[in-house]
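In the working numbering, the protein residues as written are 21 to 154.
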Amino acid sequence: MDEITGIKNLLEKSGYSQKAIDYYLHRINVGGIDEPSARFAYTGPCGDTMEIFLRIESDIIKNAKFQATGCAGSFASGSALTKMIKGKTPEEAEKIDREDVLNHLGGIPKAKIHCAYLAVRTLRKAIEKYKENK
Ligand code: FES
21 MDEITGIKNL
31 LEKSGYSQKA
41 IDYYLHRINV
51 GGIDEPSARF
61 AYTGPCGDTM
71 EIFLRIESDI
81 IKNAKFQATG
91 CAGSFASGSA
101 LTKMIKGKTP
111 EEAEKIDRED
121 VLNHLGGIPK
131 AKIHCAYLAV
141 RTLRKAIEKY
151 KENK
């Protein structure tokens, strides 16, 4: 068994959906944005940090990326959330909650649900900052 197959099996056994595993392994939307319209780094109670970068033009989120020091759950959630908000207004994006992220992913371990909240919280803070500086 190669290394990736081993990781996939472990994640599957822990309760990650195929989509969550793919997002995590393919690092969807992981990275930064040059001169973003807003960026915010937030550290959750677990001690992990996520930073979200937004490019907003004409009040539409054109691009969204993130970096994280967290677990597979945080990476899957960051990927899901940054995918979900593209094409939305900041007001629409800040209404997305933890349940929406979990539904989009289709399954992550119960113990990792707070990691989805880390992504939501970071996004809301980034949007708050965008609105302050508008
Ligand atoms: Fe800290 Fe998942 S983000 S445990």
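Beta carbons: idealized from backbone N, C-alpha and C, even for Gly. All values derive from a computational prediction rather than experimental measurement.
Distance cut-off 7 Å: residue i Cβ against heavy atoms of ligand 1
i	result
Lys132	yes
Leu122	no
Ser94	yes
Leu143	no
Leu30	no
Leu138	yes
Neighbour-count burial assignment, residue i, 16 or more Cβ in a 10 Å radius
i	result
Ala136	buried
Ala58	buried
Gly52	exposed
Lys85	buried
Spatial neighbours of residue i in its chain, beta-carbon cut-off 8 Å, leaving aside the 5 residues before and after
i	result
Ile81	Leu74, Arg75, Ile105, Lys106, Gly107, Lys108, Thr109, Pro110, Ala113
6 Å Cβ shell around residue i - same chain, five flanking residues per side excluded
i	result
Ser97	Val121, Cys135, Ala136, Ala139
Asp79	Thr109
Gly64	Leu138
Where residue i sits in the DSSP three-state scheme
i	result
Arg47	coil
Met70	strand
Glu114	helix
Tyr36	coil
Glu55	coil
Lys145	helix
Lys82	strand
Thr63	strand
Nonlocal neighbours in the same chain, by C-beta distance under 7 Å from residue i, ignoring five residues either side
i	result
Cys66	His134
Thr89	Asp68, Thr69
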